[in-house]
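Counted the way numbering that gives the first Met the number 0 counts, the sequence shown spans residues 0 to 111.
Have a look at the structure below before the remarks.
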Amino acid sequence: MSQYKKSDINIEVVTDENHVPETITWTAEDGNVYKEEAKALMLSVWDSKQQETLRIDLWTKEMPVDEMKKFFHQTLVSMSETYYRATQDDKMRDTMKDFCDYFAEKTEIKKQ
């Protein structure tokens, strides 16, 4: 009989009186992460019954625009790789990566 393991990832958001995030912290004990600060997060969940994506996109008041541009770029690059691992569609992955390069050029960020 196989053993199942349960893992928790916790996200804590503190907002101001206008519900704008002041702080975002996350904990993932399996990864030895405890109350690590984050300036932004994007979370997507697939609802199979409704056939739609549910999303949470948050960023703190302290998130600079230049960091937001890098955050989006790196997220787009990782999404292209995730798409490829899930579909083995190398043509679309390459097309998505071309867009990522275009995005980096137009936002004048440096790739990391």
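In this text, a Cβ means the ideal position worked out from N, Cα and C, and glycines have one as well.
None of these values were measured; they are calculated from a predicted model.
Beta-carbon proximity list for residue i, same chain, < 8 Å, skipping 5 on both sides
i   : result
N17 : none
Of the residues the options, the one placed nearest residue i, counting alpha carbons only
i    : options                 : result
S77  : Y33, D100, G30 and A37  : D100
S102 : K48, Q87, E80 and F71   : A small correction: the amino acid at residue 102 is Phe; Ser does not occupy that position in the sequence shown. Looking at the Cα atoms, F71 is the closest of the given residues.
P63  : K5, Y3, E28 and A37     : A37
T14  : E61, E104, I108 and T52 : E61
K68  : V19, E107 and Y3        : E107
K5   : P20, G30 and E21        : G30
W58  : Y3, Q2, T24 and K105    : T24
One or two residues paired with residue i in a DSSP bridge
i   : result
I10 : W25
A39 : W58
V32 : A27
V44 : L53
Cβ shell of residue i (< 6 Å), same chain only, five flanking positions each side left out
i   : result
D56 : M41
S79 : R92, M95 and K96
I8  : A27
L53 : V44 and D46
T22 : V13
E11 : T24
Run of the alpha helix (DSSP H) containing residue i, from where it starts to where it stops
i    : result
E104 : D89 to K105
H72  : V64 to T86
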